[in-house]
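These notes are about the structure you will find just below.
In the numbering used here, the protein residues as written are 146 to 542.
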């Protein structure tokens with residue numbers, strides 16, 4: 146693993162749902178110091194109550210300054226104007242953001258850091274912080290998110306890739322679309338915290354009280370309930386099998402009114418990461434239904450590996466990255482196919498967590514993925530291969 150480095154990490158908000166960025170940062174922090182820069186925005190804000198609360202929260206966090214949240218991890222919330230397609234806003238951000246991040250680095254005593262950024266909106270600051278390396282780690286097709294200024298995001302992302310010493314991507318589709326802008330492009334797929342999710346298989350782990358009394362079988366989903374989730378599948382399963390319980394765990398960010406009229410659909414909202422194995426234990430079958438579009442085809446669903454690490458039988462939409470695990474997952478393209486596949490699993494007696502399935506995820510651990518990333522970075526950094534002196538394209542699955 147990398148050791149003794151100062152790392153500036155541009156990512157999502159630290160207190161949001163733990164995504165790939167947080168898993169990587171926590172492991173890097175075992176032997177390095179990490180300055181986690183909270184989200185500088187991907188989409189244009191609206192006048193909604195949700196966005197206004199988010200803006201006020203960011204202002205309050207900014208005035209807290211740089212503060213520790215875990216061993217060797219410090220969080221900083223910069224003030225930025227998140228209208229990335231607006232020239233005036235970009236002009237202000239180009240001056241304000243580098244200044245504020247450099248100030249935070251000075252307070253921490255950072256020297257010749259590595260900038261490890263997961264977001265295109267860092268393009269105007271990455272490379273201006275005295276770094277010895279700039280890494281762009283792309284885990285989504287950011288320009289395709291609802292509310293994103295597609296042209297502005299693509300412009301920033303291209304500039305970031307061209308200036309970066311290396312680009313890491315998490316899916317084969319992202320590799321295809323990003324490597325043309327930087328020959329130092331590497332494919333490293335997502336990992337999973339196997340030890341954490343395997344707790345679902347332990348007899349001592351108790352199903353949470355808010356789902357313990359649900360009628361069985363329980364068909365479960367964990368993740369953000371957003372517009373990329375195919376809620377028609379959930380509605381179809383619930384209406385076709387009213388004796389089943391459909392349990393959705395996660396922050397709701399889209400219209401779910403069509404589900405709320407169904408008494409056997411239970412939307413519990415976001416639950417803590419620590420409690421997710423217990424909720425997985427409540428599932429008989431896990432589902433991962435996605436709308437198929439440019440965003441999801443480029444995605445590598447983190448929850449799929451978490452389901453499998455919990456030992457669950459899974460039915461999922463056959464996205465490209467899901468197909469790589471097809472030996473462990475039942476595929477379904479339509480609501481009717483989801484129903485057929487779920488019923489097939491139930492009839493075969495494949496219900497709930499199975500330790501034998503969980504064991505198969507050990508090779509996919511986050512620890513191993515961070516070791517893979519460290520090896521790539523060490524070969525680049527130690528070999529003196531910098532911007533303008535690029536390594537051959539390399540892939541690490």
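We put the CB at the ideal spot given by N, CA and C, even for glycine.
Note that the coordinates shown come from a computational prediction; the quantities given were computed from them, not determined experimentally.
Specify, as a first and last residue, the run of the beta strand (DSSP E) that residue i falls within.
i           : result
residue 359 : Looking at the DSSP string, residue 359 is not in any beta strand (DSSP E), and its letter there is neither H nor E.
residue 414 : 410 to 414
residue 394 : 390 to 394
residue 489 : Run containing residue 489: none in the beta strand (DSSP E); it sits in the alpha helix (DSSP H), 480 to 492.
residue 281 : 278 to 283
residue 401 : Unbroken run through residue 401: none, as it is neither H nor E.
residue 170 : That residue, residue 170, is in no beta strand (DSSP E); its alpha helix (DSSP H) goes 165 to 173.
If you run the structure through DSSP and keep just helix, strand and coil, what is residue i?
i           : result
residue 154 : strand
residue 345 : helix
residue 309 : coil
residue 218 : strand
residue 301 : helix
residue 213 : strand
residue 335 : coil
residue 270 : coil
residue 244 : helix
residue 178 : strand
residue 520 : helix
residue 369 : coil
residue 148 : coil
residue 511 : helix
Kindly list the residues whose CB is nearer than 6 Å to the CB of residue i, restricted to its own chain and excluding five residues on each side of it in sequence; keep chain order.
i           : result
residue 243 : 270, 273
residue 150 : 177, 259
residue 156 : 166, 263
residue 372 : 291, 399
residue 496 : 429
residue 213 : 219
residue 537 : Per-residue confidence for residue 537 stands at a pLDDT of 39, beneath the threshold of 50, marking its modelled position as unreliable; no derived number is given.
residue 261 : 152, 154, 280
Could you check where the alpha helix (DSSP H) with residue i kicks off and where it finishes?
i           : result
residue 503 : 500 to 504
residue 322 : 317 to 323
residue 454 : 447 to 454
residue 331 : No alpha helix (DSSP H) holds residue 331; the beta strand (DSSP E) holding it covers 330 to 332.
residue 427 : 421 to 427
residue 382 : 376 to 385
Please report how far the alpha carbon of residue i lies from the alpha carbon of residue j, in whole angstroms.
i           : j           : result
residue 257 : residue 310 : 14 Å
residue 289 : residue 275 : 32 Å
residue 533 : residue 319 : Since pLDDT at residue 533 reaches only 37, below the 50 mark, its modelled position is unreliable, and no value is offered.
residue 386 : residue 357 : 19 Å
residue 183 : residue 154 : 9 Å
residue 453 : residue 512 : 17 Å
residue 460 : residue 471 : 10 Å
residue 493 : residue 159 : 41 Å
residue 499 : residue 485 : 21 Å
residue 446 : residue 368 : 10 Å
residue 482 : residue 401 : 22 Å
Closer than 8 Å by C-beta to residue i: which residues in its own chain qualify, once you throw out the five before and the five after it? Chain order, please.
i           : result
residue 423 : 344, 345, 350, 351, 352, 353
residue 468 : 476
residue 440 : 285, 286, 289, 290, 373
residue 223 : 182, 183, 185, 207, 241, 242, 245, 246
Is the CB-CB distance between residue i and residue j below 9 Å?
i           : j           : result
residue 506 : residue 339 : yes
residue 334 : residue 315 : yes
residue 465 : residue 436 : no
residue 525 : residue 164 : no
residue 366 : residue 433 : yes
residue 249 : residue 304 : no
residue 431 : residue 457 : yes
Excluding sequence positions up to five away, which residues of its chain have a Cβ less than 7 Å from the Cβ of residue i?
i           : result
residue 218 : 170, 174, 179, 181
residue 531 : Reliability of the predicted coordinates at residue 531 is poor, the pLDDT of 46 falling under 50, and the value obtained from them is presented with this limitation in mind. Contacts found: 310.
residue 388 : 360
residue 516 : 146
Please decide whether residue i counts as near chain D, where near means a Cβ-Cβ distance under 9 Å.
i           : result
residue 328 : This model lacks chain D altogether, as it is built from one protein chain only.
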